[in-house]
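Below: the structure, in structure tokens.
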Amino acid sequence: MLIQLTDQPIDVAAVLQAVQADGAGAVNSFIGTIRNQSTGRRVVRLHYEAYDAMAVHQLRRVAEQAQERWPMLQQVAVLHRKGTLEIGDVAVVVAVSTPHRAESFAACQYIIDTLKEVVPIWKKEEYEDGTVWVAAHP
Amino acid sequence: MLIQLTDQPIDVAAVLQAVQADGAGAVNSFIGTIRNQSTGRRVVRLHYEAYDAMAVHQLRRVAEQAQERWPMLQQVAVLHRKGTLEIGDVAVVVAVSTPHRAESFAACQYIIDTLKEVVPIWKKEEYEDGTVWVAAHP
Amino acid sequence: MNLSIALFGITREIVGAPTLEVALQPGQSVQQLLEQLHQTYPALGELRSLAVAVNNEYAPADALLQERDEIALIPPVSGG
Amino acid sequence: MNLSIALFGITREIVGAPTLEVALQPGQSVQQLLEQLHQTYPALGELRSLAVAVNNEYAPADALLQERDEIALIPPVSGG
Numbered sequence: 031m032l033i034q035l036t037d038q039p040i041d042v043a044a045v046l047q048a049v050q051a052d053g054a055g056a057v058n059s060f061i062g063t064i065r066n067q068s069t070g071r072r073v074v075r076l077h078y079e080a081y082d083a084m085a086v087h088q089l090r091r092v093a094e095q096a097q098e099r100w101p102m103l104q105q106v107a108v109l110h111r112k113g114t115l116e117i118g119d120v121a122v123v124v125a126v127s128t129p130h131r132a133e134s135f136a137a138c139q140y141i142i143d144t145l146k147e148v149v150p151i152w153k154k155e156e157y158e159d160g161t162v163w164v165a166a167h168p
Numbered sequence: 031m032l033i034q035l036t037d038q039p040i041d042v043a044a045v046l047q048a049v050q051a052d053g054a055g056a057v058n059s060f061i062g063t064i065r066n067q068s069t070g071r072r073v074v075r076l077h078y079e080a081y082d083a084m085a086v087h088q089l090r091r092v093a094e095q096a097q098e099r100w101p102m103l104q105q106v107a108v109l110h111r112k113g114t115l116e117i118g119d120v121a122v123v124v125a126v127s128t129p130h131r132a133e134s135f136a137a138c139q140y141i142i143d144t145l146k147e148v149v150p151i152w153k154k155e156e157y158e159d160g161t162v163w164v165a166a167h168p
Numbered sequence: 002m003n004l005s006i007a008l009f010g011i012t013r014e015i016v017g018a019p020t021l022e023v024a025l026q027p028g029q030s031v032q033q034l035l036e037q038l039h040q041t042y043p044a045l046g047e048l049r050s051l052a053v054a055v056n057n058e059y060a061p062a063d064a065l066l067q068e069r070d071e072i073a074l075i076p077p078v079s080g081g
Numbered sequence: 002m003n004l005s006i007a008l009f010g011i012t013r014e015i016v017g018a019p020t021l022e023v024a025l026q027p028g029q030s031v032q033q034l035l036e037q038l039h040q041t042y043p044a045l046g047e048l049r050s051l052a053v054a055v056n057n058e059y060a061p062a063d064a065l066l067q068e069r070d071e072i073a074l075i076p077p078v079s080g081g
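Residue numbers (our numbering), protein chains in the order written: chain A, 31 to 168; chain B, 31 to 168; chain C, 2 to 81; chain D, 2 to 81.
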């Protein structure tokens, strides 16, 4: 299991390599990148802040929950950036390997969906005329 | 749109790079690799044979169908190997980018599921004591 | 009319050649081609499915064949 | 007892500091801590949600706090 919260660029190819296994015929991966717009506003860059210890603990827990739900899951990798990211930068990578493909899609989607609900990481979007903490207010 | 049927190794990192777009926040990819076993038998290697012209035509059609179903789809790549592949080799890569993540999972899964139903590519599994054309017989 | 039919995978092995020349009456259908092939090569009938492609598209059973068509037998595909 | 509460994102900006020292009666709950903080910092009440983490886990409202706990406020997360 590869779990990482990092202020360095994520090497996606290395992550995909890490989840490959001779018994796994399927690798599904999700890459979240920084978009140039959000709810109609032009985004200049993003700032990610994390509660480091809890974020790593919760990332690991999400990966473990996926392994419990999909016991055939062979390898799991979840990596998340923190700090300042520019448009196109990779913010998060989830990659899983399973013997067959349906479970690889389901497990990968479960991990990214759950990550976004429980892992204490916050992003502040920077526009040309200000900043907003995403999803903070109703 | 990147569509390829090739007898050369697939550069997964280059494929992922190819589908990134500044307006796309989500990239989902599926990588199919050669497993060391199939229905309980130990696989030594695989031989892929394709009806080249029709396979490329059908690969493109599947990608176009995905773009019709998910108009927000930004980039699509579908690459398939042919020839002899060893355990762990990448046989197929599907990668799509979309503004939001749910559609990236759905479109990628649609493409690989449909590919496996309609694209004229055949694999012959080689075991230590023989070979079998996969799925040929009931 | 004389048709040249491309063969792949297990159909190529059943017939023992990568292409098969077939003489048919003009205006015969996909269905009639398949019936003729099944009689000559009974092992084709043991396949899980057998489709015919005409000019890179799957052809329905009632499609009529023409001499200049690019025709292929498509046994169960197993890509991915 | 004196608690040191870690702040992140918008809660850090609302309070204007990365940690907050709070004096509470021993045996107070998460719920009571939140009520006290809402009185001091009304802007916390405008958030879509506000959770409390104790020792890296989300704590239920009735969880009792202890002086050596590692406590943090968790405004709506937005990772990914």
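Backbone N, C-alpha and C fix where the C-beta goes; we use that ideal spot for every residue, glycine too.
Going by other Cβ atoms of all chains shown within 10 Å of its Cβ, with 16 needed for buried, is residue i buried or exposed?
i              : result
G17 (chain C)  : exposed
H167 (chain B) : exposed
Q38 (chain A)  : exposed
R72 (chain A)  : exposed
S5 (chain D)   : exposed
E133 (chain B) : buried
R13 (chain C)  : buried
R197 (chain B) : Residue 197 (chain B) cannot be examined here, being either before or after the span of chain B that is shown, 31 to 168.
Q26 (chain D)  : exposed
Q139 (chain A) : buried
A62 (chain C)  : exposed
G118 (chain B) : exposed
Would DSSP call residue i helix, strand or coil?
i              : result
A165 (chain A) : coil
V78 (chain D)  : coil
F60 (chain A)  : strand
Y59 (chain C)  : strand
Y42 (chain D)  : coil
I11 (chain C)  : helix
E22 (chain C)  : strand
A54 (chain D)  : strand
Q67 (chain A)  : strand
E155 (chain B) : strand
Q32 (chain C)  : helix
Q47 (chain B)  : helix
Q37 (chain D)  : helix
Which residue's Cα is closest to the Cα of residue i: the options?
i              : options                      : result
D82 (chain A)  : D:E71, D:P61, D:Q37, D:A60   : D:E71
P19 (chain C)  : C:P61, C:I11, C:L65          : C:I11
V23 (chain C)  : C:P61, C:N57, C:L38, C:E14   : C:L38
N3 (chain D)   : D:E68, D:I15, D:I75          : D:E68
L66 (chain C)  : C:G28, C:I15, C:V78          : C:G28
A93 (chain A)  : A:V148, A:W163, A:G160       : A:V148
W100 (chain A) : A:D52, A:G118, A:F135, A:A51 : A:F135
Y42 (chain C)  : C:Y59, C:G80, C:L8           : C:L8
E116 (chain B) : B:G62, B:A54, B:L103, B:M31  : B:G62
T36 (chain A)  : A:G113, A:Q50, A:Q95         : A:G113
I75 (chain D)  : A:A121, A:A54, A:W163        : A:W163
G81 (chain C)  : B:Q95, B:I33, B:L145, B:D52  : B:L145
(Q) Pairs of beta-carbons, one from the region 153-164 of chain B and one from the region 70-89 of chain A, closer than 8 Å: are there three or more? (A) no
**Q.** Any 3 or more C-beta pairs closer than 8 Å across the region 20-34 of chain D and the region 48-57 of chain C
**A.** no
Q) Hey, is the region 49-59 of chain B in contact with the region 123-133 of chain B, meaning 3+ C-beta pairs nearer than 8 Å? A) yes
Q. Would the region 98-114 of chain B and the region 41-55 of chain B be scored as touching if the rule is three or more Cβ pairs under 8 Å?
A. yes
Q.
Below 8 Å, how does it come out for the region 77-85 of chain B and the region 62-73 of chain A: are there three or more Cβ pairs, yes or no?
A. no
(Q) Can you pull out the residues from the region 43-76 of chain C whose beta carbon lies closer than 7 Å to at least one beta carbon of chain G? (A) Structure shown: chain G not included; protein chains present are A, B, C and D.
Q | Minimum length 4: unbroken alpha helix (DSSP H) runs contained in the region 73-151 of chain B | A | 82-99, 131-148
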